[in-house]
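> Quick note: the sequence shown uses our numbering, first residue 99, plus one each step.
Can you read through this structure? Questions will come right after.
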Amino acid sequence: MMTETVVVERKKHTLPTLFKKVADHVPISWLTCYDYPTAYLQEKAGIDMILVGDSLGMTILGYEGTLPVTMDAMILHTQAVRRGAPSTFIVGDMPYMSYQPSVETAIRNAGRFMAEAGCDAIKLEGGIEMCDRIRGIVQAGIPTIGHLGLTPQSVAALGGFRVQGKGAEQAKRIMDSAKAIEEAGAFMILLEMVPDAVCKLITERAKDCIIMSLGSGPNAHGQLLIYHDMFGLYPKFKPRMAKVFGNAGEVILKGLTQYVSEVTGHTFPQKENYFTMPDVEYKKLLTMI
Ligand code: KIV
99 MMTETVVVER KKHTLPTLFK KVADHVPISW LTCYDYPTAY LQEKAGIDMI LVGDSLGMTI
159 LGYEGTLPVT MDAMILHTQA VRRGAPSTFI VGDMPYMSYQ PSVETAIRNA GRFMAEAGCD
219 AIKLEGGIEM CDRIRGIVQA GIPTIGHLGL TPQSVAALGG FRVQGKGAEQ AKRIMDSAKA
279 IEEAGAFMIL LEMVPDAVCK LITERAKDCI IMSLGSGPNA HGQLLIYHDM FGLYPKFKPR
339 MAKVFGNAGE VILKGLTQYV SEVTGHTFPQ KENYFTMPDV EYKKLLTMI
């Protein structure tokens, strides 16, 4: 079946745009993105929010995890994304050790995302223990998003990439953190890989805070997916929660194999793939060399 491509022209997405969607019960769409051409396509498709995630350490740079990602790398990629998606609500993801050391470090690095990369908000990982960082960043006038459940920067402490909050006690801790983060001033909380029932309870109890789900079920105000998982572009693994909306990885691999075969077999390039010069100029050139 053919599906029609819908191109969306729109005004800049802002915080009121997101809160209006929540009020109108329209789920918010959110994707990761790390480069200009993908940002361009995501905006054309009508995505509400982009997360320039430190997952780029894995998806773009090929590290095993997110810890080696630097603030400078995040700024560079976020600037490219902003150029490709001028009207999308863009979130800069605070990389490892850009906010953990102190409130001041957190405010300075959050400020870099806003001033140097044109972000609309920042996201950081962690629960109650990060409330002073969140409060500080919010007081500096920077919209802030919390991230609970599976928090990849703490994957060693969490014992691997696994669902968080399956047991009542851990679920209660996540709920307490969500409440504390909201009270510290976060306007949004991302719940990654927590059970749907816990996500539902947190969403129902949120007062002035938008709850987003990544693998945490349908009962949030919106959904986030990792772009590379959606399109078969991360060769190492596909998380169970990710749906593959199209296998771009397979298409690209097929094209690359064909390119190798055409170059090897002298069938590329054809006349339309290169440039010629007038005969008279060529003859003249021969007399000159
Ligand atoms: O870096 C990232 O893409 C993230 C998601 C896993 C939520 O933080």
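Note that the Cβ used here is the ideal one computed from N, Cα and C, for glycine as well.
Ordered along the chain, which non-local residues of its own chain (more than five positions away) have a Cβ less than 6 Å from that of residue 329?
By one-based count along the sequence shown, residue 329 stands at place 231. Answer for residue 329: 344, 346, listed in chain order.
> Going along the chain, which residues of its own chain have a beta-carbon closer than 7 Å to the beta-carbon of residue 263, five neighbours each way excluded?
The count along the sequence shown starts at 1 and reaches residue 263 at position 165. 247, 269, 272, 292, 293, 296.
> Spatial neighbours of residue 257 within its chain, please: C-beta separation below 8 Å, excluding the five flanking residues on both sides.
Within the sequence shown, numbered from 1, the residue matching residue 257 stands at position 159. Same-chain partners within the cutoff: there are none.
> Mind listing, in chain order, the continuous beta strand (DSSP E) runs of no fewer than 3 residues lying wholly within the region 146-188?
For the region 146-188, whole beta strand (DSSP E) runs of length 3 or above, ordered along the chain, are 147-150.
> Compute the minimum distance between the beta carbon of residue 151 and the heavy atoms of the ligand KIV, and state whether it is under 6 Å.
In the sequence shown, the residue the question calls residue 151 occupies position 53. Within the cutoff, so yes.
> Between which two residues does the beta strand (DSSP E) containing residue 126 stretch?
Along the sequence shown, read from residue 1 onward, the residue named residue 126 stands at position 28. Taken as a continuous stretch (DSSP letters only), the beta strand (DSSP E) holding residue 126 covers 126-130.
> May I ask which residues mark the beginning and end of the beta strand (DSSP E) holding residue 219?
What you label residue 219 is simply residue 121 of the sequence shown in a count that begins at 1. Segment 219-223, the beta strand (DSSP E) holding residue 219.
> Just to confirm my understanding: we take residue 332, look at its own chain, exclude 5 residues before and 5 after, and list those with CB closer than 6 Å. What are they?
Residue numbering aside, residue 332 sits at position 234 when the sequence shown is read from its first letter. 157, 326.
> Run the proximity test for residue 374: is its beta-carbon closer than 6 Å to any non-hydrogen atom belonging to the ligand KIV?
Here residue 374 refers to the residue found at position 276 of the sequence shown. Checking every heavy atom of the ligand KIV against the Cβ of residue 374, none is found closer than 6 Å.
> In angstroms with no decimal places, state the Cα-to-Cα distance between residue 193 and residue 312.
Indexing the sequence shown from 1 puts residue 193 at position 95. Indexing the sequence shown from 1 puts residue 312 at position 214. Approximately 19 Å between the Cα atoms of the pair.
> Using CA coordinates, which residue listed in 146, 288, 358 is at the minimum distance from residue 126?
Within the sequence shown, the letter at position 28 stands for residue 126. Per the Cα distances, 146.
> Does the region 298-317 come into contact with the region 230-238, if we say contact requires no fewer than three beta-carbon pairs (one atom in each stretch) closer than 8 Å?
Not touching, per the Cβ criterion.
> Is any non-hydrogen atom of the ligand KIV found closer than 6 Å to the C-beta of residue 130, if you look at the structure I gave you?
In the sequence shown, the residue the question calls residue 130 occupies position 32. Yes, the ligand KIV has a heavy atom inside 6 Å of this Cβ.
> Cβ of residue 215 within 7 Å of Cβ of residue 251?
Here the question's residue 215 lines up with position 117 in the sequence shown. Here the question's residue 251 lines up with position 153 in the sequence shown. Not closer than 7 Å, so no.
> Pull up the CB-CB distance for residue 207 and residue 196, whole angstroms please, since I reckon it's below 8 Å.
What you label residue 207 is simply residue 109 of the sequence shown in a count that begins at 1. What you label residue 196 is simply residue 98 of the sequence shown in a count that begins at 1. Yes, they are in contact, since the Cβ atoms of residue 207 and residue 196 sit about 4 Å apart, within 8 Å.
> Go to residue 364, then tell me how far its alpha helix (DSSP H) extends in each direction, as first and last residue.
As a working mapping, residue 364 is identified with position 266 in the sequence shown. Taken as a continuous stretch (DSSP letters only), residue 364 belongs to no alpha helix (DSSP H), as it is neither H nor E.
> With H, G and I counted as helix, E and B as strand and the rest as coil, what does DSSP make of residue 243?
As a working mapping, residue 243 is identified with position 145 in the sequence shown. Strand, per DSSP.
> Tell me which same chain residues have a C-beta within less than 6 Å of the C-beta of residue 278, skipping the five on either side of it?
Taking the sequence shown and counting its residues from 1, the one referred to as residue 278 is at position 180. 226, 229, listed in sequence order.
> Taking the beta carbon of residue 221 as the centre, do at least 16 other beta carbons fall within 10 Å, making it buried, or is it exposed?
On the sequence shown, position 123 is the one that residue 221 refers to. Residue 221 should be labelled buried.
> Going along the chain, which residues of its own chain have a beta-carbon closer than 8 Å to the beta-carbon of residue 266, five neighbours each way excluded?
The residue labelled residue 266 in the question sits at position 168 within the sequence shown. Cβ within range, chain order: n/a, list empty.
> The ligand KIV and residue 191: does any heavy atom of the ligand fall closer than 6 Å to the residue's C-beta?
Numbered from its first residue, the sequence shown carries residue 191 at position 93. Under cutoff, so the answer is yes.
> The ligand KIV and residue 312: does any heavy atom of the ligand fall closer than 6 Å to the residue's C-beta?
Locating residue 312 in the sequence shown gives position 214, where the first residue counts as 1. The answer is yes for residue 312.
> Which ranges would you report for the alpha helix (DSSP H) in the region 302-342 if only whole runs of at least 4 residues count?
Taking only runs of at least 4 residues, the alpha helix (DSSP H) segments lying wholly in the region 302-342 are 325-328.
> Only counting the same chain, and skipping five residues up and downstream in sequence, which positions put a Cβ closer than 8 Å to that of residue 52?
No information on residue 52 is available, as it lies outside the stretch 99 to 387 that the chain covers here.
> Do the CB positions of residue 204 and residue 244 come within less than 7 Å of each other?
In the sequence shown, residue 204 corresponds to position 106, counting from 1. In the sequence shown, residue 244 corresponds to position 146, counting from 1. Cβ distance not < 7 Å, so residue 204 and residue 244 don't count as in contact.
> Report the option in 384, 356, 182, 365 whose CA atom is closest to the CA atom of residue 138.
The residue given as residue 138 occupies position 40 in the sequence shown. Looking at the Cα atoms, 182 is the closest of the given residues.
> The beta strand (DSSP E) with residue 287 in it runs from where to where?
Position 189 of the sequence shown holds residue 287. Run containing residue 287: 286-290, per the beta strand (DSSP E) assignment.
> For residue 161, collect the residues of the same chain with a Cβ closer than 6 Å to its Cβ; drop the 5 residues on either side in sequence, then sort them by chain order.
To locate residue 161, count along the sequence shown from 1; it is residue 63. Cβ neighbours of residue 161 beyond the five flanking positions: 155.
> Have a look at residue 300 and residue 357 and give me their C-alpha separation to the nearest angstrom.
Taking the sequence shown and counting its residues from 1, one reaches residue 300 at position 202. Taking the sequence shown and counting its residues from 1, one reaches residue 357 at position 259. Rounded to the nearest angstrom, the two C-alpha atoms are 51 Å apart.
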